Each structure stands twice: as C-alpha cells, then as structure tokens.
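Numbering (my numbering), first residue to last: 617 to 945. Beta carbons: idealized from backbone N, C-alpha and C, even for Gly. Just so you know, these numbers come straight off a predicted model, no measurement behind them.
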C-alpha cells in the first residue's frame, strides 16, 4: 500500500490539521508528530543504499514511508521523550532521537517534497537567504551580523538609522525560565542604546538599516501562487517596527506587481522551496523591500481575517495535485 502523503510536524500545529482535513478521504496519509516520537510514534530505519527502508508507526498502524508520493515537511519540534525518564539521560535520548529523525528525512525518496528537509535547513539561514534574495533582484537594506562590539559601533557610525533584530528566533526565554516566556522584536536603535554595545559580544547580533515603512506585506507562496496580504499597524505605536508586536492589525488582500512576484518566485526556486511565508516592506514611495522568507511560516490566521482568501484550501489542492501527478507518472 503506497503512502500518498507523509506529513511531518507536531501534534499541536493547527496548519497541519487544517490542510489534512481538506484532503480527499481516500488519500493514504501518514502523520508523524515529532513531539510524540519516541513517546508514542515509532520509527524504524534500515539503511541499504537505494533499497533503504523507513517505517513509521502511529495510532493508525505501521506504514512503509520509504517512497511516498509526497512528503510535507512542515517543521521540526522537540522529540517527546517517555514520561518518567531520568533527567540524567534526557540529553542523550534527545540527541539519539533527533539523529533518527534527520536520518528518516534524509533516507526517504518521495516523488515530491514540500519542502525538502535539507533545503529548508539552508534556506532558513538568514545570511544565506539575504545573498540569494539579492541574486534574485529583491531589494533589501544592508545587514551586519556580528558579535564584535567594534564592528557594531563602526556600523552604527556609518548607518545611524538602524534596527536590531533576532537572527533565528524572537523567543528569548521560555515558560520554564524564572523570567517566564519573553520575546524580542525588531527594535529601532536609539542613541541611548549605544551604551550597551559591549553586550554584542554575548552572541551573534543582526543589525539592519531602517526602511521607511508605509505598510508591510505577508506573502504566502504555494508552488507558483502567491497570496499577498497588506498588514497595517498604528505608525505611532511601539509595534511600528514589527507588526508581530502589535495588539491589533489591519489586513487586506494585496496585488503583487508581476515584477515582484517573479523575483519572489525566482528566489524560492533558487532555495528549492515549494512553500514559504515571506515578509516585505512597502515604503511611502511604493518601493518593495524584502525582509525574509520563512519555509515554516504561518498563514492560518490570515484565512480567518480575510474571508475568501482560502490559503488552506489552495495548499490542500496543491498537495492533491502533486499526489495525482506522482501516482500517474
């Protein structure tokens, strides 16, 4: 029995559930929830060259996922270790489980990926992504990544209108921390912030020249289709530099120019991504600047905010078409 779709993500991701619920009932779908492996889900790997096998067991049974029609790699998460495991062995067990997961995603040979695991790993790296965006003709403002306070000071002397933002994740501390969960968003650097530049040596920091903003765009790309949404925030609020920090935003559909759409398609093709959620800025003069393309980005809230946008339906249709094309071939 050939598997039509292997969906890799977590049990709490509503995007996975929303799309899978819209697939035809006769589609053979295997869902691997990372947070339930190895606690509930089982993985068996048999490396043997081109004959390598990968088996996944979940609540629906055991499936051979060596050659599924399509793999949707939604995102990784932390493996879910069995309850009661001694803290002394948790780090070891997590490392072993993560290696098995990476082995699975490297050994399987589907007919089509959304998105290829290793392509996601590379594409998610911001410095690499910026270089490819420039090659694709997408404008973006100059960037510096450093943990050298001297380099940061020189940068700010040359680019006084700059922001600082996270390179990997906005989550600074988690719920388990004594400070609770805290987030850091894009911050416009004020003169008084320069007294803290020695702290740059603590870890890598990303500086970027500030872009004059009229509004932002979130563009959800599925195959060759781009669903663009304009996002407006109060320009006098603290969230003016990063809409994610806003308590409320305005949303409306937006028509990308053919030129920007083509350049975005070129970038995603270069990154080998069939799906991405990209953020862009539109200046008061109408120029569009690229910020980032997230191969694991969210879109579901936009479907709720804008009736008729139907990104989820488009995603399900895209998967169904890929399955049909692979199986027909």
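Cβ separation of residue i and residue j, assumed to be a contact under 8 Å, to the nearest whole Å
i           : j           : result
residue 921 : residue 867 : 4 Å
residue 763 : residue 821 : 6 Å
residue 725 : residue 682 : 7 Å
residue 768 : residue 816 : 5 Å
residue 650 : residue 625 : 7 Å
residue 813 : residue 765 : 5 Å
Sub-7 Å separation of residue i and residue j beta-carbons
i           : j           : result
residue 783 : residue 771 : no
residue 621 : residue 686 : yes
residue 619 : residue 644 : yes
residue 896 : residue 833 : yes
residue 735 : residue 888 : yes
residue 827 : residue 708 : no
residue 653 : residue 695 : yes
residue 932 : residue 639 : yes
residue 945 : residue 890 : no
residue 659 : residue 716 : yes
residue 942 : residue 728 : yes
residue 916 : residue 634 : yes
Residue closest to residue i, alpha-carbon to alpha-carbon, out of the options
i           : options               : result
residue 927 : 904, 847, 665 and 837 : 837
residue 698 : 900, 786, 813 and 655 : 655
residue 934 : 730, 765, 865 and 883 : 730
residue 641 : 936, 943 and 902      : 936
Sequence-distant residues of the same chain with beta carbon closer than 7 Å to residue i, five excluded per side
i           : result
residue 842 : 835, 872, 877 and 880
residue 757 : 824, 825, 827 and 905
residue 714 : 695
residue 663 : 723
residue 929 : 638
8 Å Cβ shell around residue i - same chain, five flanking residues per side excluded
i           : result
residue 886 : 748, 751 and 752
residue 786 : 799, 800, 801 and 860
Nonlocal neighbours in the same chain, by C-beta distance under 6 Å from residue i, ignoring five residues either side
i           : result
residue 798 : 788 and 789
residue 913 : 893
residue 733 : 689 and 721
One or two residues paired with residue i in a DSSP bridge
i           : result
residue 646 : 622
residue 904 : 898
residue 824 : 759 and 779
residue 660 : 671
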